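Chemist: Going left to right, the sequence shown walks through residues 1 to 872 as full-length UniProt numbering numbers them. The structure under discussion is supplied below as structure tokens; questions concerning it will follow.
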Amino acid sequence: MATKWVYMFTEGNATMRNLLGGKGANLAEMTGLGLPVPQGFTVTTEACTQYYEDGRKINDEIMGQIMDAMAKLEEITGKKFGDKENPLLVSVRSGARASMPGMMDTILNLGLNEEVVETLAEASGNPRWAWDCYRRFIQMYSDVVMEVGKKYFEELIDKMKEEKGVTQDVDLTAEDLKTLAGQFKAEYKEKIGSDFPSDAKEQLMGAVKAVFRSWDNPRANVYRRDNDIPYSWGTAVNVQMMAFGNMGDDCGTGVAFTRDPATGENGLFGEFLTNAQGEDVVAGVRTPMHISEMEDKFPEAFAQFKSVCKTLETHYRDMQDMEFTVEHGKLYMLQTRNGKRTAQAALKIACDLVDEGMRTEEEAVAMIDPRNLDTLLHPQFDTAALKAATPMGKGLGASPGAACGKVVFTADDAVEWAARGEKVILVRLETSPEDITGMKSAQGILTVRGGMTSHAAVVARGMGECCVSGCGDIIMDEANKKFTLGGKEFHEGDAISIDGSTGNIYDGIIPTVDATIAGEFGRIMDWADKYRTMKVRTNADTPEDARKAAELGAEGIGLCRTEHMFFGEGRIDAFREMICAETEEEREKALEKVLPYQQSDFEKLYEALEGNPVTIRFLDPPLHEFVPTEEEDIKKLAEAQGKTVERIKEIIDSLHEFNPMMGHRGCRLAVTYPEIAKMQTKAVIRAAINVQKAHPGWKVQPEIMIPLVGDIKELKYVKKFVVETADAEIAAAGSDLEYEVGTMIEIPRAALTADEIAAEADFFCFGTNDLTQMTYGFSRDDAGKFLEAYYDAKIFENDPFAKLDQVGVGKLMKMAIDLGKPVNSKLHVGICGEHGGDPSSVEFCNKLGLDYVSCSPFRVPIARLAAAQAAI
Ligand code: ADP
Ligand code: MG
Ligand code: MG
């Protein structure tokens with residue numbers, strides 16, 4: 001049988017969202033509920049896909065079905081499409097599966113031409129309305145179909161209003177609108193080079209094509225990427241008989257929510273505008289009235305609308321966002337959907353729906369978009385102030401939150417300024433590990449280079465600090481402590497504000513308010529914990545991070561990157577001595593100095609987690625990352641070691657690697673310098689013994705994690721002296737402490753030989769940052785350079801460092817689990833890459849049967865919720 005490409009509203013329902021798009025499915029559902037919906041039909045999303053497959057053409061079969069549906073619509077409405085005497089006018093509206101607000105445009109009043117409008121003006125006795133419809137149609141069609149650009153038409157309207165001495169569109173007369181329509185058509189001809197189409201069928205096909213085409217426009221592509229909407233879905237097209245809100249003062253159009261989308265408060269919330277059409281309400285052509293004022297003007301329509309609201313909310317069991325029109329006092333429903341809402345409102349509405357008996361706890365948990373929680377956990381801009389501000393630039397929203405302060409250009413300045421009580425934003429080309437204390441001291445971080453997984457982004461998210469990364473428009477002059485953005489030069493001390501959610505950058509200070517975790521938030525999280533099966537741990541390197549994470553519900557540490565502990569005061573010097581040591585003796589002497597710092601850090605971590613498991617990863621990065629770069633520091637190091645500056649420089653040079661990420665790092669460090677791993681083992685075990693002693697009620701159980709293992713022999717070799725060192729410590733202390741030794745799976749070879757590795761490892765933890773970069777063979781620090789081109793070419797839809805590549809990297813993970821578990825039944829498995837906090841990746845991990853995900857502290861609530869949704 002031939003494919004059905006077109007459905008009348010009477011043939012569809014809400015479950016057909018994939019085929020009919022959200023708008024079409026809901027128009028059909030409302031029709032089925034007996035609500036007053038202007039009738040029409042939906043061209044399916046499959047037709048959109050077909051259009052692209054056919055080389056951006058609507059094939060004859062689809063065209064034929066559209067015309068058949070139009071004939072049926074003529075029958076239903078008793079009007080004729082393209083007819084002069086009794087014309088059927090329609091809207092052509094896009095509608096994807098997931099609502100993509102404002103992404104694709106709508107055309108109203110299609111079916112008009114010069115002849116039809118003349119007759120309509122006369123027959124209706126309402127020429128103003130007829131010409132208003134026509135000029136709107138030309139305007140929208142030109143803009144959407146021919147991409148002529150809205151602004152030319154708006155200029156013409158403004159000119160006309162000025163000539164006529166009026167300020168409002170509604171004050172223009174029929175004659176004015178007729179003149180405008182003429183001007184519009186002339187404008188069209190000038191820009192396009194042909195006459196404005198007068199044939200209704202030609203108009204219709206042009207419009208349908210335009211909607212299909214708009215699925216691939218740059219705005220839509222960016223929105224889809226930001227919102228995880230696959231390109232392959234396509235959009236449907238709805239063709240619907242017009243209802244007219246612009247026929248006079250007993251007409252109008254409105255939008256309303258059944259609950260307040262900002263706060264979640266139960267009660268009608270919305271706006272209404274008399275004698276208006278389409279987007280007039282939201283476009284701000286005139287100030288609309290509050291929805292409650294509609295009651296006086298249109299008591300009957302309002303009463304009916306209220307009852308429709310109740311019907312829809314009870315039916316969909318969620319807050320509805322609706323569009324409607326009143327034509328001569330009669331109500332028409334044009335759209336309903338589950339309304340977009342702030343994170344705060346989402347929590348309140350979900351709880352209220354449970355209390356009202358409309359939803360179960362599981363459903364309430366499933367209703368919250370985990371990604372939205374982010375905004376609740378960081379300071380936020382004052383909403384009104386933010387609305388009034390215009391961004392002067394935009395980067396990537398790398399770590400959410402709001403920050404404002406004075407610009408500083410170095411980490412040291414950030415520390416210094418903050419110490420004197422100044423709020424600062426650290427602006428840098430990019431950040432590196434030695435900037436960490438400076439980053440901490442700043443309110444926010446702004447970088448010129450770097451993507452979502454750049455150093456700045458990862459560290460900022462880890463710290464829960466606002467970060468906008470990769471704002472390439474900034475012209476940076478670090479040497480002279482200034483930069484240019486949006487045509488303005490900024491110097492040290494100038495105030496800016498950055499929004500880590502949107503990536504927007506503002507000139508000056510926008511006031512912020514502290515994030516509060518309201519009661520509903522706790523309720524939802526409790527429910528999430530009740531229904532999830534996977535544990536959630538955190539990636540934390542400092543006691544503060546660990547405490548914060550525990551507060552946010554972390555059930556352990558899945559990754560403590562010990563190298564971050566070496567940057568603190570006093571430590572870096574000792575650590576550098578270790579790196580520049582030339583004999584084992586020298587090295588051990590330096591390590592002796594580092595040991596107490598590490599031990600006390602670990603003690604604090606165990607304390608913060610109160611007996612929950614703590615995974616400590618042994619030293620991982622290439623050593624050259626730690627060496628001094630400043631002349632002064634090099635001198636200091638030379639003195640401390642009794643060496644010449646030249647010798648230190650030689651040693652530093654010798655650490656240079658061509659590809660450090662695939663160089664001397666991870667367990668390779670432990671193989672070449674066993675004393676480092678031994679020192680870390682001592683610190684881990686001594687700390688655990690001490691904390692266990694202080695808290696007999698806890699079960700302190702360190703998990704030692706050896707990074708970057710690719711061959712079982714590496715693990716065996718390192719594990720041997722780790723175990724010897726640990727056991728000696730435990731015996732010496734007369735303790736019965738238990739510990740585990742496991743490994744990261746982050747090199748493809750480890751996944752491929754996981755059966756061998758599982759024989760030696762107590763646990764696997766997927767380091768998906770490295771695993772992704774090693775599997776794809778491109779570096780996460782460099783991928784930003786070409787990912788944009790990959791998005792444009794549709795090679796990638798997402799950043800594989802932000803959203804797990806389930807097909808390739810995921811296959812390696814699955815393979816590692818399938819190979820490892822049968823060998824070692826006690827093997828526990830987690831993930832600690834950036835993906836551990838990404839909801840769709842969490843869902844995937846749940847499917848793979850992971851025991852836990854581990855993510856940065858501020859993502860813990862997101863992961864808890866995502867884990868619950870995966871389990872429900
Ligand atoms: P969007 O998805 O951007 O909201 P819509 O397709 O919903 O676009 O339409 C834009 C505006 O036009 C809305 O205000 C809608 O209510 C109005 N509209 C669409 N179709 C009709 C119609 N058949 N009659 C009257 N108004 C319509
Ligand atoms: Mg709409
Ligand atoms: Mg790694």
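By construction, the Cβ of each residue, glycine as well, lies at the ideal position given by its N, Cα and C atoms. It should be emphasised that the depicted structure is a prediction, and the values quoted were computed from it without experimental measurement.
Kindly list the residues whose CB is nearer than 8 Å to the CB of T775, restricted to its own chain and excluding five residues on each side of it in sequence; keep chain order.
Modeler: For the purposes of this step, residue 775 is identified with residue 775 of the sequence shown, where counting begins at 1. Once the five neighbours on either side are set aside, the close Cβ partners of T775 are P748, D805, G808, V809, L812.
Chemist: Within the chosen definition, does the segment 125 to 138 reach the segment 256 to 264 through at least 3 CB pairs nearer than 8 Å?
Modeler: no
Chemist: If we define contact as Cβ-Cβ less than 8 Å, is D249 a contact residue for chain C?
Modeler: Chain labels in this structure do not include chain C; a single protein chain is all it has.
Chemist: What do you get for E603, buried or exposed, if any count of 16 or more other CB atoms within 10 angstroms of its CB means buried?
Modeler: For the purposes of this step, residue 603 is taken as residue 603 along the sequence shown, with counting starting at 1. E603 comes out buried.
Chemist: Who does F763 pair with in a DSSP beta bridge?
Modeler: Along the sequence shown, read from residue 1 onward, the residue named residue 763 stands at position 763. Answer by DSSP bridge pairing, in chain order: H828.
Chemist: Does the Cβ-Cβ distance between I425 and I496 come in under 8 Å?
Modeler: Position 425 of the sequence shown holds residue 425. Position 496 of the sequence shown holds residue 496. Yes.
Chemist: Rounded to a whole number of angstroms, what is the C-alpha to C-alpha distance between T447 and A574?
Modeler: Reading the sequence shown from its first residue, position 447 is the one you call residue 447. Reading the sequence shown from its first residue, position 574 is the one you call residue 574. Looking at the two C-alpha atoms, the distance is approximately 30 Å.
Chemist: E740 by DSSP, collapsed to three states: which one?
Modeler: Residue 740 sits at position 740 when you count from the first residue of the sequence shown. In this structure, E740 counts as strand in the three-state DSSP scheme.
Chemist: What are the boundary residues of the beta strand (DSSP E) that S399 is part of?
Modeler: Position 399 of the sequence shown, counted from the first residue, corresponds to residue 399. 396 to 399 is the extent of the beta strand (DSSP E) around S399.
Chemist: Tell me which same chain residues have a C-beta within less than 7 Å of the C-beta of P628, skipping the five on either side of it?
Modeler: In the sequence shown, residue 628 corresponds to position 628, counting from 1. Taken in chain order, the residues that qualify are R576, I634, L637.
Chemist: For E544, which of S856, D838, P596 has the nearest alpha-carbon?
Modeler: Within the sequence shown, residue 544 is the residue found at index 544, counting from 1. Answer by Cα proximity: S856.
Chemist: Mapping DSSP to helix, strand and coil, what is G267?
Modeler: For the purposes of this step, residue 267 is taken as residue 267 along the sequence shown, with counting starting at 1. Looking at G267 - three-state DSSP - the assignment turns out to be strand.
Chemist: Taking 8 Å as the threshold (C-beta atoms), are M565 and Y606 in contact?
Modeler: The sequence position of residue 606 within the sequence shown is 606, counting from 1. The sequence position of residue 565 within the sequence shown is 565, counting from 1. It is not a contact, given that the beta carbons lie outside the stated cut-off.
Chemist: Excluding five sequence neighbours on each side, which residues of the same chain lie with their C-beta closer than 7 Å to the C-beta of L848?
Modeler: If you number the sequence shown from 1, residue 848 lands on position 848. Excluding residues within five positions, the ones whose Cβ falls inside 7 Å are M813, K814, I817.
Chemist: Can you look up V166 in the DSSP assignment and give me helix, strand or coil?
Modeler: The sequence position of residue 166 within the sequence shown is 166, counting from 1. It is coil, neither helix nor strand.
Chemist: Nearest by alpha-carbon distance to P400: which of G254, A210, I505 is it?
Modeler: Sequence index remark: in the sequence shown, residue 400 carries index 400 (1-based). When G254, A210, I505 are compared, the shortest CA-CA separation from P400 is found for I505.
Chemist: Check the DSSP bridge columns for H290 and list the partner residues they point to.
Modeler: On the sequence shown, position 290 is the one that residue 290 refers to. Paired residue(s): E271.
Chemist: Considering only the alpha carbon of each residue, which of D249, D250, G248, E293 lies closest to F269?
Modeler: For this step, residue 269 is matched to residue 269 along the sequence shown. If we check each option's Cα against that of F269, E293 comes out closest.
Chemist: Does the beta carbon of E279 fall short of 7 Å from some heavy atom of ligand 1?
Modeler: By 1-based counting over the sequence shown, the position of residue 279 is 279. Yes.
Chemist: Let's test the definition: count the other Cβ atoms within 10 Å of the Cβ of Q65 and tell me whether it reaches 16, buried, or not, exposed.
Modeler: Against the sequence shown, residue 65 aligns to sequence position 65. With 16 or more Cβ atoms within 10 Å of its Cβ, Q65 is classed as buried.
Chemist: Below 6 Å CB to CB, which residues in the same chain sit around A868 once its five sequence neighbours on both sides are set aside?
Modeler: Position 868 of the sequence shown, counted from the first residue, corresponds to residue 868. Excluding the 5 residues flanking it on each side, A868 has same chain C-beta neighbours closer than 6 Å at V365, A528, Y531, R532, in chain order.
Chemist: To the nearest whole angstrom, what separates the beta carbons of L108 and R135, a pair I think is in contact under 8 Å?
Modeler: Taking the first residue of the sequence shown as position 1, residue 108 is located at position 108. Taking the first residue of the sequence shown as position 1, residue 135 is located at position 135. The Cβ separation is near 11 Å, so there is no contact.
Chemist: Let me check one thing: in DSSP terms, what residues is I616 bridge-paired to?
Modeler: Counted from its first residue, the sequence shown places residue 616 at position 616. Answer by DSSP bridge pairing, in chain order: C560, I704.
Chemist: In the DSSP output, what is M242 paired with across the bridge?
Modeler: Numbered from its first residue, the sequence shown carries residue 242 at position 242. M242 is not bridged to any residue.
Chemist: Are there 16 or more other CB atoms within 10 angstroms of the CB of D541, so buried, or fewer, so exposed?
Modeler: For the purposes of this step, residue 541 is identified with residue 541 of the sequence shown, where counting begins at 1. Result: buried.
Chemist: Pull the bridge partners of G487 from the DSSP assignment, please.
Modeler: Stepping through the sequence shown from its first residue, residue 487 is reached at position 487. Answer is none; G487 lacks a bridge partner.
Chemist: Answer yes or no: do I616 and A670 have a C-beta to C-beta separation smaller than 8 Å?
Modeler: Locating residue 616 in the sequence shown gives position 616, where the first residue counts as 1. Locating residue 670 in the sequence shown gives position 670, where the first residue counts as 1. Not in contact: I616 and A670 (Cβ atoms no closer than 8 Å).
Chemist: As a quick exercise: from D770, Y7, G508, V614, pick the residue whose alpha carbon is nearest that of V709.
Modeler: Residue numbering aside, residue 709 sits at position 709 when the sequence shown is read from its first letter. Comparing Cα positions, the closest option is D770.
Chemist: Is Q320 a contact residue of ligand 2, with contact defined as CB to any heavy atom under 7 Å?
Modeler: If you number the sequence shown from 1, residue 320 lands on position 320. Flag unset: Cβ of Q320 not near ligand 2.
Chemist: When we look at the beta-carbon of residue 874 and count the other beta-carbons within 10 Å, is it buried (16 or more) or exposed?
Modeler: No information on residue 874 is available, as it lies outside the stretch 1 to 872 that the chain covers here.
Chemist: Starting from F521, trace the alpha helix (DSSP H) in both directions and tell me its first and last residue.
Modeler: Residue mapping note: residue 521 aligns to position 521 of the sequence shown, counting from 1. F521 -> alpha helix (DSSP H) spans 519 to 531.
Chemist: For K310, does the three-state DSSP call read helix, strand or coil?
Modeler: Here residue 310 is taken as the residue at index 310 of the sequence shown, counted from 1. DSSP places K310 in helix when its eight states are reduced to three.
Chemist: Please classify V723: does DSSP put it in a helix, a strand, or coil?
Modeler: Position 723 of the sequence shown holds residue 723. DSSP places V723 in helix when its eight states are reduced to three.
Chemist: If you measure from the CB of M241, is any heavy atom of ligand 1 nearer than 7 Å?
Modeler: Taking the first residue of the sequence shown as 1, we reach residue 241 at position 241. Under cutoff, so the answer is yes.
Chemist: At what residues does the alpha helix (DSSP H) containing S856 begin and finish?
Modeler: Reading the sequence shown from its first residue, position 856 is the one you call residue 856. In this chain, S856 is not harboured by any alpha helix (DSSP H), its DSSP state being neither H nor E.
Chemist: With hydrogens ignored, establish whether the beta-carbon of T253 is closer than 7 Å to any heavy atom of ligand 1.
Modeler: Position 253 of the sequence shown, counted from the start, is the residue given in the question as residue 253. Indeed, a heavy atom of ligand 1 lies less than 7 Å from the Cβ.
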